[in-house]
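As structure tokens, the structure follows; a few thoughts come after it.
Chains as they are written, first to last, in the working numbering: chain A, 8 to 457; chain B, 8 to 457.
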């Protein structure tokens, strides 16, 4: 019996993050007021200097600090698993592997960067972290990391999620974080939103504004972001570095690497090490799976746009559906972002990454098939990667060709089962993007010069 | 940096279960009507012959079938982790390790036996499995295992849980199982219960009766039990076999092994390999942590009692609070059982295992401390083991002595966060057992002869 799980010996845990920004010339973010490239001074009220340096670093590898490595070693390396049950269910000659981040304490990949960010903040004397969270995955991971390094944590959680999805709120409180529904009366941005509409369900845009305001006005508090930025993607590369080595141990070479994209950090974490191999001549494809209802990479416009709804953040060079685009309330809440990480956008623009859009009904059908064949019920976000991997495996079957398909299973769905209930009840709807959204984005997104 | 997680190479996965029954002379179960020892013929309408043979086997080791090994290898070996964060929080000279079963697809140890039971049933041509479930952990694991081996699955879920705790019901349905609230109109036992009280919240006793009735009346259906019986405990010994080897790799020897006990399968799974070492002269203690509100091992009466509330199952030699005892509705639903596995009871009776009772408030305080120090939010059941391990570590600190404490973290609490909400809100109550319960049990439990 050959184990389906490929384990990585503890002494082979990655000791460096892989900085793919060193291989690329991504245009810089611009200050929203001046239109000039953003400098360290613009960012220092929000982030510690070590993370600002990582944001602009051109070093190909960056060492992982020992204390971060130690905390990561509690749940890493995560399993790489041969999906033999899925292969049999599909009748495919493809060999499918998944890299499973659901074994982390919070059940997704988010802890990988939360632990790193919390440590760098603690090193620079920061006392408190603040952030926003939608469904709560990121807020939970940051609360965990803050507890690990003795920091306070204040999370602004979109009010409708705070009220309807209590589980992750409770997890944050168990870790000792303060979790407040946004908009809150604690900030000017929150008070303004409440004045406009006392019954507002809140939005990620308002929650960002609240967290940024708190960080900017309190010298002991810094802001933390769970995706999009270069340093966040950097911290996730442990996923792909482990997977690459585990495949090697299994005697395999990936032909296709598949990840799901919201902001892009999970996708980047898995794929960036393989993309560096591709730049060096490796013959492999990289596929980014996004929701058809929020198809940033497949239908968005490439150019400078704001990262937030209110237009307060720097202008980022990325694919965008327009910073005022409000995606429909699909169940993969972590993929509902109007833009994508500048690094990922740049790779799509350079045709190094193939984006595909997956409807949520196809995604949940894939998730159900995967659950029955492999045992794990995937997170709704991960279902998009499962669906795209199944497409690859089916194509291999049609062509009668062997192929090694690696995909990222970014988390389990045990806290998201209500979404499966809706799916099993036939209540999930397909959402098509209106062309008007793209036209509006085309008008508002600024072109990238050079 | 030394990894906090001790990994086990895939080629060292246990290939045999450890059958501690071979080392002991546990009295046999008795037929409820005749009072004579139960034979294979009595059990064959309910269980496949291979499991009946395991139930009475005197072999010290039993090989794990290859197809079961393969499915187990998706998530096993589970992590053994050095709890350095907890050690620091406690300021103890003890070195604490936990064996973490929460990385399984359903988030607890239950899949270990579910996969084995489903395979043996499939081998003997069974088409459908049926069982009862309270909060849903066991029903979810059996649904997963049935899907893995092409079996149908019918789960009777206690109605009040079916309605109030939808998550695990949805998980079962995602795996393709049929999950019905019990009492149901589908069985005579269910109809009788509904006739008595149409609004009954149901009970585990009624649900057992329904599942047993379906299995006994349909030749294609067998019944599966998630704890208590010898073969179930046997299948869980992979936990302790791995942990023993992982400790060895870490260069450690356990001084104390701690597990939580409901029916006893998780406790047995971790501790039985260490108990065999103890029988061979190893100097170690084994502690069984149970809830103070359902203190079977510390205050129950040792003797023959029924496994179910209705008195239909064989009489088992065990510690019991009386088969009509209804434990208070504490949040660790998996520990609310009036009896304990005959093997575990026998070990307590022979003073090989030290039982301790832990109040649920102490248990959740331990769980919160663990979550902040180690990152994982434990299942409410597991909190009892955490609390007992913390007592051992505190004692080591008082005595100023080194000590290696190993405890079982049987699952994560991500689907049980409502219990943490009640705890954080100060709503959890301490429950003391009334002496009258013990007196009643003393009158009804039959003495073990010989």
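Even for Gly, the Cβ is constructed at its ideal location relative to N, Cα and C.
Given residue i, which residues of its chain have a CB within under 7 Å of its CB, disregarding the five upstream and five downstream residues?
{"i": "residue 219(B)", "result": "53, 230 and 319"}
{"i": "residue 155(B)", "result": "78, 122 and 125"}
{"i": "residue 117(B)", "result": "144, 145, 148 and 233"}
{"i": "residue 280(B)", "result": "25, 244, 247, 248 and 251"}
{"i": "residue 91(A)", "result": "11"}
{"i": "residue 112(B)", "result": "82, 118 and 151"}
On the DSSP letters alone, give me the boundaries of the alpha helix (DSSP H) that residue i sits inside.
{"i": "residue 311(B)", "result": "Counting along the chain, residue 311(B) falls outside any alpha helix (DSSP H), though it belongs to the beta strand (DSSP E) covering 308-313."}
{"i": "residue 399(B)", "result": "387-406"}
{"i": "residue 56(B)", "result": "56-63"}
{"i": "residue 448(B)", "result": "442-451"}
{"i": "residue 173(A)", "result": "173-181"}
{"i": "residue 95(B)", "result": "91-97"}
{"i": "residue 73(A)", "result": "73-79"}
Of all Cβ atoms in chain A, is any one closer than 8 Å to the Cβ of residue i?
{"i": "residue 183(B)", "result": "yes"}
{"i": "residue 177(B)", "result": "yes"}
{"i": "residue 180(B)", "result": "yes"}
{"i": "residue 59(B)", "result": "no"}
{"i": "residue 155(B)", "result": "yes"}
{"i": "residue 4(B)", "result": "Shown here, chain B extends from 8 to 457; a query on residue 4(B) therefore has no answer."}
{"i": "residue 20(B)", "result": "yes"}
{"i": "residue 375(B)", "result": "yes"}
Return helix, strand or coil for residue i, following the three-state DSSP convention.
{"i": "residue 164(B)", "result": "strand"}
{"i": "residue 40(A)", "result": "coil"}
{"i": "residue 345(A)", "result": "coil"}
{"i": "residue 23(B)", "result": "strand"}
{"i": "residue 271(B)", "result": "coil"}
{"i": "residue 295(A)", "result": "strand"}
{"i": "residue 340(B)", "result": "helix"}
{"i": "residue 11(B)", "result": "coil"}
{"i": "residue 212(A)", "result": "helix"}
{"i": "residue 417(A)", "result": "coil"}
{"i": "residue 236(B)", "result": "coil"}
{"i": "residue 352(B)", "result": "helix"}
{"i": "residue 127(B)", "result": "helix"}
Count the other C-beta atoms from every protein chain shown that fall within 10 angstroms of the C-beta of residue i, then say buried if there are 16 or more, exposed otherwise.
{"i": "residue 83(A)", "result": "buried"}
{"i": "residue 224(A)", "result": "exposed"}
{"i": "residue 191(B)", "result": "buried"}
{"i": "residue 473(B)", "result": "Lying outside 8 to 457, the shown extent of chain B, residue 473(B) is not represented and no answer is given."}
{"i": "residue 99(A)", "result": "buried"}
{"i": "residue 180(A)", "result": "buried"}
{"i": "residue 66(A)", "result": "exposed"}
{"i": "residue 432(B)", "result": "exposed"}
Return the first residue and the last residue of the beta strand (DSSP E) that residue i is part of.
{"i": "residue 361(A)", "result": "361-365"}
{"i": "residue 326(A)", "result": "322-327"}
{"i": "residue 429(B)", "result": "Per DSSP, residue 429(B) belongs to no beta strand (DSSP E); it is in the alpha helix (DSSP H), 424-431."}
{"i": "residue 246(B)", "result": "No beta strand (DSSP E) holds residue 246(B); the alpha helix (DSSP H) holding it covers 245-256."}
{"i": "residue 106(B)", "result": "101-107"}
{"i": "residue 207(B)", "result": "Per DSSP, residue 207(B) belongs to no beta strand (DSSP E) and is neither H nor E."}
Can you find the residues in the same chain that come closer than 8 Å, C-beta to C-beta, to residue i, ignoring five residues on each side of it along the sequence?
{"i": "residue 363(B)", "result": "294, 295, 296, 297, 305, 395 and 398"}
{"i": "residue 133(A)", "result": "55, 158, 227, 228 and 229"}
{"i": "residue 37(A)", "result": "43, 44, 45, 311, 321 and 322"}
{"i": "residue 29(A)", "result": "64, 65, 66 and 67"}
Determine whether the Cβ of residue i lies closer than 8 Å to any Cβ atom of chain B.
{"i": "residue 244(A)", "result": "no"}
{"i": "residue 422(A)", "result": "yes"}
{"i": "residue 12(A)", "result": "yes"}
{"i": "residue 164(A)", "result": "no"}
{"i": "residue 80(A)", "result": "yes"}
{"i": "residue 270(A)", "result": "no"}
{"i": "residue 88(A)", "result": "yes"}
{"i": "residue 110(A)", "result": "yes"}
{"i": "residue 379(A)", "result": "yes"}
What does residue i touch in chain D if you count any residue whose Cβ is under 8 Å from its own?
{"i": "residue 173(A)", "result": "Among the protein chains in the structure shown, which are A and B, there is no chain D."}
So, at 6 Å on beta carbons, what are the nonlocal neighbours of residue i in its own chain, with the 5 sequence-adjacent residues on each side left out?
{"i": "residue 349(A)", "result": "33, 323, 324 and 325"}
{"i": "residue 114(B)", "result": "418 and 419"}
{"i": "residue 86(A)", "result": "12 and 107"}
{"i": "residue 214(A)", "result": "139, 163, 165 and 189"}
{"i": "residue 1(A)", "result": "In this structure chain A extends from 8 to 457, so residue 1(A) is not present and cannot be described."}
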